[in-house]
Amino acid sequence: MSSTTIRLTLRIWRQEGPQQPGAFVSYALEPLSPDLSLLEALDRLNETLLMAGERPVGFDHDCREGICGACGFMVNGQAHGPQRATSVCQLYLRHFRNGDTLTLEPWRARAFPLQQDLSVDRSAFDRLLAAGGYVSVNTGSAPAANALLVGREQAEQAFAAASCIGCGACVAACPNASASLFVAAKLGHLALLPQGQPERQRRSTALQIAMAAEGFGSCSNQLECAAVCPKEISADWISRMNRSG
Amino acid sequence: MKLDPQLPGGAIQDAWTQRRRELPLISPINKRRFKVLVVGSGLAGASAAATLAEQGFRVTLLTYHDSPRRAHSVAAQGGINAARNYQNDGDSIERLFLDTVKGGDFRAREAGCHRLAEISGAIIDQCVAQGVPFAREYGGTLANRNFGGALVSRTFYARGQTGQQLLYGAVQALLRQVDAGRVELLTQRDVLDLITVEGVARGVVCRQQGSGRLEALTAHAVLLASGGYSNVFHRSTNAVKSNASAIWRAHRRGAAFANPCFTQIHPTCIPSGDPGQSKLTLMSESLRNDGRVWLPAQAGDARPAAAIPEAERDYFLERQYPTYGNMVPRDVASRRARERCLEGHGVGPGGRSVYLDFTDTISREGRAAIESRYGNLFAMYERITGSDSYAEPMRIYPAPHYTMGGLWVDYNLMSTVPGLFVLGEANFSEHGANRLGASALMQGLADGLFIAPATVSGWLAGHLHAEVNSDHPACQAATAVVQARIDGLGSSGLGSGFGSSSGGGRSCDSLHRQLGEIMIGACGISRHAEGLRAALAQVQALEQEFAQELRLPEPRVGRNPELEKALRLEDFLQLAALMLRDALAREESCGAHFREEHQSADGEALRDDVNFCHIAAWQWNGDGQEPLRHSEPLHYRHATPSRRNYR
Numbered sequence: 001m002s003s004t005t006i007r008l009t010l011r012i013w014r015q016e017g018p019q020q021p022g023a024f025v026s027y028a029l030e031p032l033s034p035d036l037s038l039l040e041a042l043d044r045l046n047e048t049l050l051m052a053g054e055r056p057v058g059f060d061h062d063c064r065e066g067i068c069g070a071c072g073f074m075v076n077g078q079a080h081g082p083q084r085a086t087s088v089c090q091l092y093l094r095h096f097r098n099g100d101t102l103t104l105e106p107w108r109a110r111a112f113p114l115q116q117d118l119s120v121d122r123s124a125f126d127r128l129l130a131a132g133g134y135v136s137v138n139t140g141s142a143p144a145a146n147a148l149l150v151g152r153e154q155a156e157q158a159f160a161a162a163s164c165i166g167c168g169a170c171v172a173a174c175p176n177a178s179a180s181l182f183v184a185a186k187l188g189h190l191a192l193l194p195q196g197q198p199e200r201q202r203r204s205t206a207l208q209i210a211m212a213a214e215g216f217g218s219c220s221n222q223l224e225c226a227a228v229c230p231k232e233i234s235a236d237w238i239s240r241m242n243r244s245g
Numbered sequence: 246m247k248l249d250p251q252l253p254g255g256a257i258q259d260a261w262t263q264r265r266r267e268l269p270l271i272s273p274i275n276k277r278r279f280k281v282l283v284v285g286s287g288l289a290g291a292s293a294a295a296t297l298a299e300q301g302f303r304v305t306l307l308t309y310h311d312s313p314r315r316a317h318s319v320a321a322q323g324g325i326n327a328a329r330n331y332q333n334d335g336d337s338i339e340r341l342f343l344d345t346v347k348g349g350d351f352r353a354r355e356a357g358c359h360r361l362a363e364i365s366g367a368i369i370d371q372c373v374a375q376g377v378p379f380a381r382e383y384g385g386t387l388a389n390r391n392f393g394g395a396l397v398s399r400t401f402y403a404r405g406q407t408g409q410q411l412l413y414g415a416v417q418a419l420l421r422q423v424d425a426g427r428v429e430l431l432t433q434r435d436v437l438d439l440i441t442v443e444g445v446a447r448g449v450v451c452r453q454q455g456s457g458r459l460e461a462l463t464a465h466a467v468l469l470a471s472g473g474y475s476n477v478f479h480r481s482t483n484a485v486k487s488n489a490s491a492i493w494r495a496h497r498r499g500a501a502f503a504n505p506c507f508t509q510i511h512p513t514c515i516p517s518g519d520p521g522q523s524k525l526t527l528m529s530e531s532l533r534n535d536g537r538v539w540l541p542a543q544a545g546d547a548r549p550a551a552a553i554p555e556a557e558r559d560y561f562l563e564r565q566y567p568t569y570g571n572m573v574p575r576d577v578a579s580r581r582a583r584e585r586c587l588e589g590h591g592v593g594p595g596g597r598s599v600y601l602d603f604t605d606t607i608s609r610e611g612r613a614a615i616e617s618r619y620g621n622l623f624a625m626y627e628r629i630t631g632s633d634s635y636a637e638p639m640r641i642y643p644a645p646h647y648t649m650g651g652l653w654v655d656y657n658l659m660s661t662v663p664g665l666f667v668l669g670e671a672n673f674s675e676h677g678a679n680r681l682g683a684s685a686l687m688q689g690l691a692d693g694l695f696i697a698p699a700t701v702s703g704w705l706a707g708h709l710h711a712e713v714n715s716d717h718p719a720c721q722a723a724t725a726v727v728q729a730r731i732d733g734l735g736s737s738g739l740g741s742g743f744g745s746s747s748g749g750g751r752s753c754d755s756l757h758r759q760l761g762e763i764m765i766g767a768c769g770i771s772r773h774a775e776g777l778r779a780a781l782a783q784v785q786a787l788e789q790e791f792a793q794e795l796r797l798p799e800p801r802v803g804r805n806p807e808l809e810k811a812l813r814l815e816d817f818l819q820l821a822a823l824m825l826r827d828a829l830a831r832e833e834s835c836g837a838h839f840r841e842e843h844q845s846a847d848g849e850a851l852r853d854d855v856n857f858c859h860i861a862a863w864q865w866n867g868d869g870q871e872p873l874r875h876s877e878p879l880h881y882r883h884a885t886p887s888r889r890n891y892r
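Protein sequences, first through last, are from chains A and B. Quick note: the first sequence uses my numbering, first residue 1, plus one each step. Quick note: the second sequence uses my numbering, first residue 246, plus one each step.
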């Protein structure tokens, strides 16, 4: 832990609501401990704005330990900022240089309408999953757990795909705003397990149709999605989806 | 207030089967005439909503999140217990039952704990069928690991993200019902009041975060699965927005609150540094298997860890507990760390942390061994603190993590308000005065998958009333109360002369920080009467300050995160006072509740089974009035109350 402080300027997209016009506004932050997170720096800015009679900056967040997937915005043009495999809540001020200006913008995608400032509506992801991203099994009708054998490596691969936190960075980073990585990860997770087999084709078709219907674009192999994914989900899942559903 | 736990008679092994046999059934045609409201989309809420919808009920699920997948169950790391005896190491339903009762320090109901152990196996079956990618052996069978408080290996896991994987299984089952049109999913809703008609729960009032519009939603039964209240302490391992509003408002409408002072502090968390820090991150307790806890023997020793020679280090847990050493239970490890820090031995900013040192294991087994076991945790620690734990010891400190207390429920999970059921961490649960590791996920899913669907259905069978609609006078009255509360927040201060903000000179965050400092000091790891009384006065003064000095941005319609925070904080302030009263009234030390007046000569907890072998259930008695304390006696017929000894 360091005892020096860091000075940053935040250039933030401000837009009160979906119908209002938006613009960038710059804020010079007070000197802060480099051990604070970027979201905590926003908390501090918001407290200052509040006391000055201005509207605080809206941004999505909750668990602040990189697992709930609520947080996410662009930092200097990169989804979740410059650190590899890191969601924006896990970015600490020590990751920046004294005097830096950071430009913060919301995810921009037709399927993620803006709510306020840095906050967007990602409910389209839930509608994709609702279209078939599950195993149809009612409570009580499950066979004994060890009746279904799953090889260790297969289980680990399925886990890797299932670790997607649904933050939307893949969509934000994609020039086509495609949700292919999100959809492919869910299809891959369930297709690797015996439980997922009976509905496999139906699921694949339903999710891909829903993806287009929600206004997400198509994949053109830019691979920006995998580069920004905080859970390092591989673009190989997209190839797998295209090959075998 | 009458507290009838509705405990089943007869042999404990047959009790749940017997209860299910007694519960009346509803014909499939009639089921769709019933509406059920579920608040919360974590393991308990999502699985209850999905299961009830599968059975044919019409379900509406409310969550404050933008997606049900964000509920804080997602952050549970370690695993989920089940008495499957897959390892052939002597586990059984009986053993899990006894471990749970003992782990809770004999402050939970036997019948409930037995049911939990009984159901645990079916939970794993269901999760596997949903596609949860649990860890596996090479042969394809499920893997298990050890967890604190148990001599057998019964914990199922998915790396360090078990909660995430279980939640996604439950949420996918929920979304399947959304797609089928049987569940209406309402996101970004803060539940702000309970609607009762003639004393029966009939709905909730919620605020839509986007528009600020209030809605009155009605149903034949209301299920609260809204989680715990560790954020009373401001900084905890909970998500920043985790809140107690739904259970607190239900309490004010007549639901008894049980054992509010039973709160668990987890010993291995990343400590706080700057006052602006917003939360405390848990580091898995498994680290204590290989790390040694120590502090400088000399108080005030400011040298870096590496410069302190072996002879001047105090491995205080190993010294005080030769048998269990660094593996003592959570409450003991937390208390001893705090004690040493108060005596001036603590390290880091403000002397508020202890070292967790892996040097010995690294030199014995090599860096690769540690990396394979804890690589992800070391990486997380480095990301947050900027420090490399392979080279220097971690610094850890206890943090509020889980609340065993919650709304009182009977064996059928129904609160003292008929028609109001409470599930998961929101109820006062089977964990007694202390929860064992890997038992929270088990309880949430037991409640949501199996218990509530059976008992809610059984209750509904007798209550096919004429539907209560949102234009019912009770709905209008409750909505008016909420509207008046929103309009009144921060209004009695300096008026609206501050640009687009109104109210006084205190931000919601600063008031919450102050509440946290009071509560962690007086009602955290260690408590005493004088401190609790002083804290009660301070919390009441702070509530006044909140009423007079809170600053809020206008307008109160539309999206206003500061207003959401203020509504949550007002409830935390009132709940904090109840926690302090409960801690004061419980003149004993048990589980996570340690009263300094009640300890042995060597500093161990002294339980009082003569006077306090009961559940305390508090009744709201109006604003400004002292709440009433009731008690439900506990009886132990299978487990013999014993004193814990880890020396």
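C-beta atoms are modelled at their ideal positions from N, C-alpha and C, and glycine is treated no differently.
- In terms of Cα proximity to D43/A, the closest of N866/B, E807/B, A830/B is E807/B.
- Minimum Cα-Cα distance from R564/B among the listed residues G335/B, L459/B, W539/B corresponds to W539/B.
- Taking CB atoms only, C229/A has no neighbour in chain B less than 8 Å away.
- Among the residues of the segment 402 to 422 of chain B, those with a Cβ less than 7 Å away from any Cβ of chain A are A403, R404, Q406, Q409, Q410, Y413, Q417, A418, L420, R421, in the order of the chain.
- Secondary structure remark: continuous alpha helix (DSSP H) runs of at least 4 residues inside the segment 362 to 401 of chain B: none found.
- Interface residue (Cβ-Cβ distance to chain A less than 8 Å): Q565/B is not classified as such.
- Residues of the segment 472 to 498 of chain B that bring their beta carbon within less than 9 Å of a beta carbon in chain A comprise T482, N483, A484, V485, K486, S487, in sequence order.
- Around Y383/B, the beta-carbon contacts reaching into chain A at under 9 Å are G151, R152, E153.
- The beta carbon of A235/A is closer than 7 Å to those of L181, L223, C225, A226 in its chain, skipping five residues each way along the sequence.
- Approximately 14 Å separates the beta-carbon atoms of C768/B and P643/B; this is outside 8 Å, ruling out the contact.
- With the criterion set as a beta carbon lying under 9 Å from some beta carbon of chain A, the members of the segment 341 to 366 of chain B are G366, in sequence order.
- For D602/B, the uninterrupted beta strand (DSSP E) run begins and ends at 599 to 602, by DSSP.
- Collapsing the DSSP output to three states places R548/B in coil.
- For R804/B, a Cβ of chain A is located within less than 8 Å of the residue's own Cβ.
- Closest by C-alpha distance to D716/B, out of N333/B, A624/B, Q258/B, A461/B, is A461/B.
- Taking the beta carbon of E40/A as reference, the chain B residues within 7 Å of it are G521, Q522, S523, listed in sequence order.
- DSSP places D344/B in the uninterrupted alpha helix (DSSP H) bounded by 338 to 348.
- In chain order, G188 place their CB closer than 6 Å to the CB of R240/A, counting only its own chain and leaving out the 5 sequence neighbours on each side.
- Looking at G335/B, D847/B, A774/B, A362/B, the one whose alpha-carbon comes closest to that of L343/B is A362/B.
- Ranking H496/B, N534/B, G254/B, Y635/B by CA distance to the CA of L820/B puts H496/B first.
- For V284/B, the uninterrupted beta strand (DSSP E) segment begins and ends at 280 to 284.
- L665/B and M246/B have their C-alpha atoms spaced approximately 16 Å apart.
- Residue environment for G545/B: exposed (fewer than 16 other C-beta atoms within 10 angstroms of its C-beta).
- With respect to W863/B, A501/B sits close: the two C-beta atoms are nearer than 8 Å.
- Using a CB distance below 9 Å, the part of the segment 189 to 204 of chain A facing chain B consists of H189, L190, L192, L193, Q195, G196, ordered along the chain.
- The beta carbon of E65/A sits closer than 8 Å to some beta carbon of chain B.
- Contact between A697/B and L658/B holds, with the beta-carbon distance rounding to 5 Å and staying under 8 Å.
- P56/A reaches chain B at P798, P806, E807, counting residues in chain order whose Cβ is nearer than 8 Å.
- In this model, M74/A and A41/A are separated by some 16 Å (Cα to Cα).
- Using beta-carbon distances, S752/B counts as an interface residue toward chain A, with a partner under 8 Å.
- In this chain, the beta strand (DSSP E) harbouring Y647/B covers 639 to 648.
- A210/A is bridged by DSSP to nothing; it lacks a bridge partner.
- A straight line joining the alpha-carbon of H80/A with that of T86/A spans about 7 Å.
- For Q371/B, the residues of chain A that pass the 7 Å Cβ criterion are T139, A142, in the order they occur in the chain.
- For E775/B, there are no C-beta contacts with chain A under 8 Å, since the nearest C-beta of that chain is about 33 Å from it.
- The DSSP-derived three-state label of Q721/B is helix.
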